[in-house]
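Residue numbers (the numbering used here): 609 to 1117.
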Ligand code: ADP
């Protein structure tokens, strides 16, 4: 595969091959170029379909974060501040075009690094470009308001860039998630330091150089690769950072939220879910099966908004589960580049965790309807079969804890009240869904389900325009949409006291 380009990192990334010798890539991108970590340390990036090394990247820590935050602070008060909102929008559009021009390489990297099927990775890269275009269009429409204080005053607001923003990213949609928060931050006029997940840094390495190629001044987009406890923690507590956006687990979200709170910095946290899909007897059966399959197994179930609990009404329960299990059993599992339906889990740690959840479900007495282990012939990488449990004790771990893998639990219900009680029973509240042909019931549930998003008669509804985020332990704040841009704006109120009018009340000329 060759990728002639003016962006040197792309050629190095294009040369990565599964099973080949893993190169070492300097990946602390500060200002205009990449450098090794100050300590010289590296960390291994794996191919999750085999567990072998793909590359070694820099293991950044506090000193590297400090250099990146300083570069971002300098850029904020440097040429970036003189660039008009319209020009910022044009740069975001250029970046979208640049990403699209390299979409096939970026999708291949995402498939290699995360393990996701290539066609799903292509969708992610297309989504990243769409996110950039949405935010590009908003860059010159971020208007303040005029505030009525009476005849002796003029008062108005201006929306200023929040400042230097930190983006601590997860491993499930590396470029997509980076763009979800970076694009609105740039549209708002902020600068950024990104910390990709240690498991999946590859596309983010390309991003910093692609941003330079698209015309962003050096220092506007900086990247520090490294472990969460080192680079991530240093970023969340750095004094030059004005706001932190984090997507990841609830446990780490609490740490990041506490760190940012200690610094009195605003924070956006998109955390986990144990998302229920409620299927009533009157649902469109086939549509509900399709939505449940997609919701449960897309990205190998490694999505915060995955369906992990199927609540099925008594009248169709047995037929629905039979069909769901039959369809899930037909899903093909293979390495990301083989482009099947389901890839491996991202890491050995995640693999052990998901298999541990499956084991505890069996110990707790749940009935295994499908899967439950490593697929035959795929014993090198971090693969898990699509897995379905029924007869699950609602108090057991598999019913309550986020698994983040291709594992679904099914629960029966007979009445609306029962369904609502089950759905709202957990500390999570990211997404909840309902399938019914009764519009009144759908609306009742839309209002009563405790979740940041409610999806009716479908799953993964939304897009860059639709705000997303959680209630309860699923997070703080909203991303995407116009709300997502306001995360990166600070309201300044400007008040003017007018001189008293001349005594005749006419303009003073
Ligand atoms: P997981 O447990 O699934 O790997 P995490 O929520 O721990 O997910 O990780 C999400 C992101 O948060 C990653 O970029 C990771 O490096 C980072 N991270 C992990 N621990 C910390 C921490 N203590 N402070 C800041 N960032 C962290």
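Positions of the beta carbon are idealized from the N, C-alpha and C atoms, including for glycine. Note that the structure is predicted; figures quoted are calculated from it, not measured.
Check                                                                                                                           : Outcome
Length of the line joining the Cα atoms of residue 712 and residue 694                                                          : 29 Å
Rounded separation between residue 1059 and residue 1041 - CA only                                                              : 9 Å
Residue 997 (DSSP reduced to helix, strand or coil)                                                                             : strand
Outcome for residue 927 when other beta-carbon atoms lying within 10 angstroms are tallied against a minimum of 16              : exposed
Three-state secondary structure (DSSP) of residue 846                                                                           : coil
With 16 other Cβ atoms within 10 Å as the buried cut-off, status of residue 1082                                                : buried
Proximity of residue 950 and residue 908 at Cβ, strictly below 8 Å                                                              : yes
Counted within 10 angstroms of its Cβ, other Cβ atoms place residue 1051 as buried (16 or more) or exposed                      : exposed
C-beta atoms of residue 963 and residue 992 nearer than 8 Å                                                                     : yes
The segment 760 to 777 contacting the segment 803 to 818, beta-carbon criterion three pairs below 8 Å                           : yes
Beta-carbon proximity check, residue 974 vs residue 1000, cutoff 8 Å                                                            : yes
Proximity of residue 782 and residue 721 at Cβ, strictly below 8 Å                                                              : yes
Beta strand (DSSP E) runs contained entirely in the segment 873 to 907, provided each spans 3 or more residues                  : 875 to 878 and 883 to 887
Close beta carbons around residue 634, own chain, < 7 Å, minus the five adjacent residues each side                             : 642, 643, 644 and 666
The segment 763 to 771 touching the segment 780 to 799, judged by at least three CB pairs closer than 8 Å                       : yes
At least 3 beta-carbon pairs within less than 8 Å: the segment 884 to 899 vs the segment 998 to 1013                            : no
Cβ of residue 983 within 8 Å of any chain C Cβ                                                                                  : Among the chains of the structure shown, chain C does not appear; only one protein chain is present.
Beta carbon of residue 884 nearer than 8 Å to that of residue 936                                                               : no
Cutoff 6 Å; reference residue 688; Cβ partners in own chain excluding five residues on either side                              : 825 and 828
Closest by C-alpha distance to residue 670, when choosing among 1015, 840, 1080 and 1095                                        : 840
Buried versus exposed call for residue 692 [16 or more other C-beta atoms within 10 Å across all chains shown]                  : exposed
Cβ pair count under 8 Å reaching 3, the segment 982 to 990 against the segment 952 to 972                                       : yes
Bounding residues of the beta strand (DSSP E) (the contiguous stretch that carries residue 651)                                 : 650 to 655
Cβ-based burial, residue 1107 [other Cβ within 10 Å; buried from 16]                                                            : exposed
Burial state of residue 755, where buried means 16 or more other Cβ atoms lie within 10 Å                                       : exposed
Cβ-heavy atom distance, residue 651 to the ligand ADP, below 7 Å                                                                : no
Cβ-Cβ distance between residue 882 and residue 1034 below 8 Å                                                                   : yes
For residue 747, the three-state DSSP class (helix, strand or coil)                                                             : coil
Cut-off 6 Å between Cβ atoms - residues of its own chain near residue 969, not counting five sequence neighbours on either side : 997 and 1006
Proximity of residue 919 and residue 887 at Cβ, strictly below 8 Å                                                              : yes
Cβ-Cβ separation, residue 873 to residue 852 (assumed contact under 8 Å), whole Å                                               : 6 Å
For residue 738 and residue 624, the rounded distance between their alpha carbons                                               : 27 Å
Alpha carbon of residue 980 to alpha carbon of residue 1086, nearest angstrom                                                   : 35 Å
Check: residue 857 C-beta below 7 Å from any heavy atom of the ligand ADP                                                       : yes
4-residue-minimum alpha helix (DSSP H) runs that sit fully inside the segment 1005 to 1082, ordered along the chain             : 1005 to 1008, 1024 to 1031 and 1047 to 1056
Sequence-distant residues of the same chain with beta carbon closer than 7 Å to residue 700, five excluded per side             : 740, 743, 744, 747, 791, 794 and 795
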